[in-house]
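Accompanying notes for the structure given below.
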Amino acid sequence: MLKIVSALGLMTSLYLPILVVAQDLPMGNPEALGFATERLGRLDDAFQEYVDDQAMAGSVILVARRGEVAYFNAFGYGDVAKGVKMEKDAIFRIASQTKALVSVAIMMLQEEGKLLINDPVSKYIPAFSETKVAVMEGNSYDVVAADRPISIRQLLMHTAGIGYGFGAAADQWKQAGIQGWYFADREEPILETVKRMASLPMDAQPGTRWVYGYNTDILGAVVEVASGMPLDKFLSERIFVPLGMNDTHFYLPKSKSSRLATVYSANEDGTLVEAPVEGTMDSQGAYVKGPRTSFSGGAGVLSTAKDYYLFLQMLANRGELNGQRLLAPGTVDLMTQSHLQEITFPWAEGCGFGLGFRIIEDLGAYGEPGSVGSYSWGGAYGSEFWVDPGDDLIVVYFTQLRPGSRVSDRAKLRALVYAAIVD
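Mapping to numbering that gives the first Met the number 0: the sequence shown position 380 is 379, numbers consecutive.
Dropping the structure here:
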């Protein structure tokens, strides 16, 4: 932290971002990194087959181990109709992979003494001083007072009881115009939207069950209040610039718009159709021509495989990359172990949830290749990442397909990557 003396002689404290010049990725020899090159090549066959079968338009895969990139390839098209090939530097809407970035921002603020994760959210956003919960009674619902304050830690864990506006009181959330994760077309700043959320009935009592929803959007608003900076500026100055994530933005500069991969949807028969330009969750989104006002900490960022790898390698290094330390090692350790205790993670057996990540706790129950202690998450456009400390492995996978459930690409990716590790 540098001390700057103003012209008035007042001493102020400013964090000055360090400009990091873009560098080539640390490429390694796959065999030296413990991979069988021939087995890694199965990724080429599998993901080119998805393109050939028109199951998806294209994708980018990056696999790194021991701090070096062993595999980095692009498949198919960034835009089928225009015949634009998918490139390794394509920019993707990463949706819920934004959550990991904002979770790190919260922990950075705790390390600076700006907040504590066990603080009530109301300390930073007073609208959350008294919240409500919708309780189903037959075919209708009652609204009761929350029996405890919502904490920042519960937001990180997704145990605050806050969904995406489709719970028991969906009618009230719809009337308020707050449903779904898409915010890019909004002219209302995220802090104002979050304040309105606080008056709506939540899906569960705080701390009682895992509910996926606006938790990290609320955390983004907390970052703004605690830091005194807009979320986009904080993430850029404190995370993106220090790590050299030069192509990561909430809204794209016009000069980069040609690199934004097109979103596709799958028809019932499995054929691809380009998503509409306008709309909400299933559109191309207002990431180029939108109002550029709402910074969604839960699902608003765009990035490249290279940039997101740099972020993950910082985490794998327990908080540091290329001389830039964002977090203390113990903070990363705290984030990457499950905090659920008695609460069950409902989306996958053998898993818990940490402070922003799904954590594998029981490999047999999980039923897919991996290691205990691996942490991961994905995005609504079909992307996924995971960091496996046991195998010293990082995988970044980006595509733009909604919904992605018609193909088994993510499970196949996991199987093929681990099948290629032979040491």
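Note that CB positions come from ideal geometry on N, CA and C, so glycine has one too.
Where residue i falls, given that 16 or more other Cβ within 10 Å makes a residue buried
i	result
K98	buried
A419	buried
A364	exposed
T270	exposed
S348	First, the residue type needs correcting, since residue 348 is Glu and not Ser in the sequence shown. The residue is exposed, with fewer than 16 neighbouring Cβ atoms inside 10 Å.
E341	exposed
E277	exposed
D268	exposed
G366	exposed
E111	exposed
T130	buried
G243	buried
S128	exposed
D231	buried
R185	buried
A73	buried
G322	exposed
F165	exposed
M26	exposed
P402	exposed
Cβ-based neighbour list, residue i, same chain, cut-off 8 Å, excluding 5 preceding and 5 following
i	result
V371	I359, E360, D361, L362, G389
H157	W209, V210, Y211, G212, N214, F352
R291	F249, Y250
V287	Y250, L251, K253, S256, L259
L339	M156, T158, W209, G351, F352
L190	I124, A220, E223, V224
V134	Y140, D141, V142, V143, A167
M85	A56, G57, S58, V59, A73, F74, G75, Y76, G77, A260
R38	L415, A418, A419, V421
Same chain only: Cβ atoms within 7 Å of residue i, ignoring 5 sequence neighbours per side
i	result
P345	W209
T36	P29, E30
Y49	M55, V406, D408
P368	R413, A414, Y417
V272	Y263, S264, N266
R258	D88, A89, I90
Q204	V132, A145, D146, G160
S226	L108, K113, F233
L326	V103, M106, M107, E110, G318
G378	I93, A94, S95, Q96
Rounded distance between the beta-carbons of residue j and residue i, thought under 8 Å
i	j	result
T261	A56	7 Å
E223	P229	6 Å
S121	W376	No, S121 and W376 are not in contact; Cβ-Cβ is about 27 Å, not under 8 Å.
V101	G289	Contact doesn't hold; Cβ gap of about 20 Å is too wide.
P200	Q171	6 Å
L155	V395	At roughly 22 Å, the Cβ-Cβ gap does not stay under 8 Å, so L155 and V395 are not in contact.
I161	D202	7 Å
G299	A197	Rounded, the Cβ-Cβ distance is 20 Å, inconsistent with contact.
P125	P148	With 8 Å as the limit, P125 and P148 do not qualify as a contact, their Cβ atoms being about 12 Å apart.
V83	G77	5 Å
G75	S58	7 Å
L314	V421	Between V421 and L314 the Cβ distance is about 25 Å, and since that is not below 8 Å, they are no contact.
R64	L32	4 Å
G284	Y181	7 Å
Residues of its chain near residue i, where Cβ-Cβ distance is below 6 Å and the 5 sequence neighbours each way are ignored
i	result
R152	I116, N117
T247	F239, S302, D306
V20	Since pLDDT at V20 reaches only 45, below the 50 mark, its modelled position is unreliable, and the value read off the structure follows with that caveat. Hits under 6 Å: none found.
V193	I217, A220
I105	L218
A169	none
S373	I359, W385, D387
D391	R64, R65
P275	S282
Residue-level contact to chain B via CB, residue i, 8 Å cutoff
i	result
S257	Chain labels in this structure do not include chain B; a single protein chain is all it has.
Heavy atom of the ligand ATP within 7 Å of residue i beta-carbon
i	result
A419	Of ligands this structure carries none, so the ligand ATP is not represented either.
**OP:** Just list the beta strand (DSSP E) runs in the segment 222 to 273, keeping only unbroken ones of 3 residues or longer that don't cross its boundaries, in chain order.
**Re:** 263 to 265, 271 to 273
Subject >> In chain order, each alpha helix (DSSP H) run of at least 4 residues that lies wholly inside the segment 292 to 356 >> reply: 304 to 315, 328 to 334
Subject >> Continuous alpha helix (DSSP H) assignments of at least 4 residues falling wholly in the segment 151 to 175 >> reply: 151 to 156, 169 to 175
Original post:
Can you list the alpha helix (DSSP H) stretches of 4 or more residues lying completely in the segment 66 to 146, in chain order?
Top reply: 97 to 110
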